[in-house]
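Here this note's numbering is used: the first residue of the sequence shown is 1, the next is one more, and so on.
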Amino acid sequence: MDTQKILTYLRNLSENNNREWYHAHKQEYKEANGEFEALIQDLIVKIGAFDTSVLHNEPKDLTFKLVRDTRFSHDKSPYNPAFRVHISARGKLPVPVGYYLMIKPGNGSFLGGGLFADMFKDATAMVRNFIAANGREWEEILQKPDFQKLFTVQGVSLKNVPAGFDKEHPQAPYLKLKSWYLEYPVSDEELIEGEAFAARAAEIFEIMKPFNDYLNRALDGFQMPAR
């Protein structure tokens, strides 16, 4: 896979973020997107070695559009110059949680996992209740040396522990959160050699897996809201 082609296209789109340039360079997009799908396929196989639930996925079904929704944004740039993918047992849906990659030149790229979507109140409630009842296992996952070297749990937080939970609960800082996710930054240099990057990404995702598994057990039975 030619990841340099991905980076070059996205850099050019960032510098020419308008519809005229985008439509005039559709062939470059197709070539870059093809390389991205090849990278995704490699990741699916490598992740599948330790998480077989992702093996049925097709790369084209896991990616997100470049087009931005600018209706409520001061930034009216029509495109997000980033290639994004979420690999999970149910494809790119946010639940169950899985393995996320964003390639955005200028050192905006990262590997991610966990629950990013804090707008799903039912999901937030399910995870809070699970952490409150299974705090020791949560701490064991977060305290593993390999995990601590790579990750810090992030998420949108309330000022106070929500009603119904003990303010002195050992996991109180995590009960304040409305989302629980991980981000591992990736430099442009790390992306240049595609096969080496995919191998390293799979190693990082494997360390992330117990965190994802915990959240997915918490989210068992969650139903995505009807559109």
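We treat Cβ as the ideally placed atom computed from N, Cα and C, and that holds for glycine. Please read all numbers here as calculations on a predicted model, not as lab measurements.
Looking only at its chain, what residues have a beta carbon closer than 7 Å to the beta carbon of residue i, apart from the 5 residues adjacent to it on each side?
i, result
"residue 110", "102, 183, 184, 185, 186"
"residue 96", "88, 89, 90, 216, 219"
"residue 204", "111, 150, 184"
"residue 126", "218, 219, 222"
"residue 207", "146, 147, 150"
Any idea if residue i is buried or exposed, counting beta-carbon neighbours within 10 angstroms, 16 or more meaning buried?
i, result
"residue 106", "exposed"
"residue 133", "exposed"
"residue 113", "buried"
"residue 1", "buried"
"residue 57", "buried"
"residue 211", "buried"
"residue 124", "buried"
"residue 73", "exposed"
"residue 180", "buried"
"residue 226", "exposed"
"residue 128", "buried"
"residue 164", "exposed"
"residue 52", "exposed"
"residue 233", "The requested residue 233 is not part of the displayed model; the chain covers only 1 to 227."
"residue 50", "exposed"
"residue 35", "buried"
"residue 70", "exposed"
Which two residues bound the contiguous beta strand (DSSP E) that contains residue i?
i, result
"residue 7", "Element bounds for residue 7: not the beta strand (DSSP E) but the alpha helix (DSSP H), 3-15."
"residue 86", "83-87"
"residue 126", "Counting along the chain, residue 126 falls outside any beta strand (DSSP E), though it belongs to the alpha helix (DSSP H) covering 121-133."
"residue 112", "109-115"
"residue 101", "99-103"
Which residues in the same chain have their Cβ closer than 6 Å to the Cβ of residue i, if we skip the five residues on either side of it in sequence?
i, result
"residue 63", "85"
"residue 104", "82"
"residue 61", "91"
"residue 238", "Limits of the chain in this structure are 1 at one end and 227 at the other, which puts residue 238 out of reach."
"residue 118", "156, 178, 179"
"residue 94", "117"
Residues in its own chain within less than 8 Å of residue i by CB, not counting five upstream and five downstream?
i, result
"residue 171", "131, 132, 135, 138, 139"
"residue 108", "82, 102"
"residue 176", "157, 158, 159, 160, 161, 162"
"residue 199", "46"
"residue 188", "7, 105, 106, 107, 109"
"residue 17", "77, 78, 79, 81"
Taking the alpha helix (DSSP H) that residue i belongs to, which residues open and close that run?
i, result
"residue 145", "145-150"
"residue 38", "26-48"
Using a beta-carbon distance below 8 Å, is residue i in contact with chain B?
i, result
"residue 65", "Structure shown: chain B not included; a single protein chain is present."
- Jot down the residue ranges of each uninterrupted alpha helix (DSSP H) in the segment 171-198, minimum 4 residues, whole runs only, in chain order. List check, alpha helix (DSSP H) in window: 172-175, 188-191.
- Touch test, the segment 39-55 against the segment 195-210, Cβ-Cβ under 8 Å, three pairs minimum: Between the segment 39-55 and the segment 195-210 there are three or more inter-stretch CB-CB distances shorter than 8 Å, so the stretches are counted as touching.
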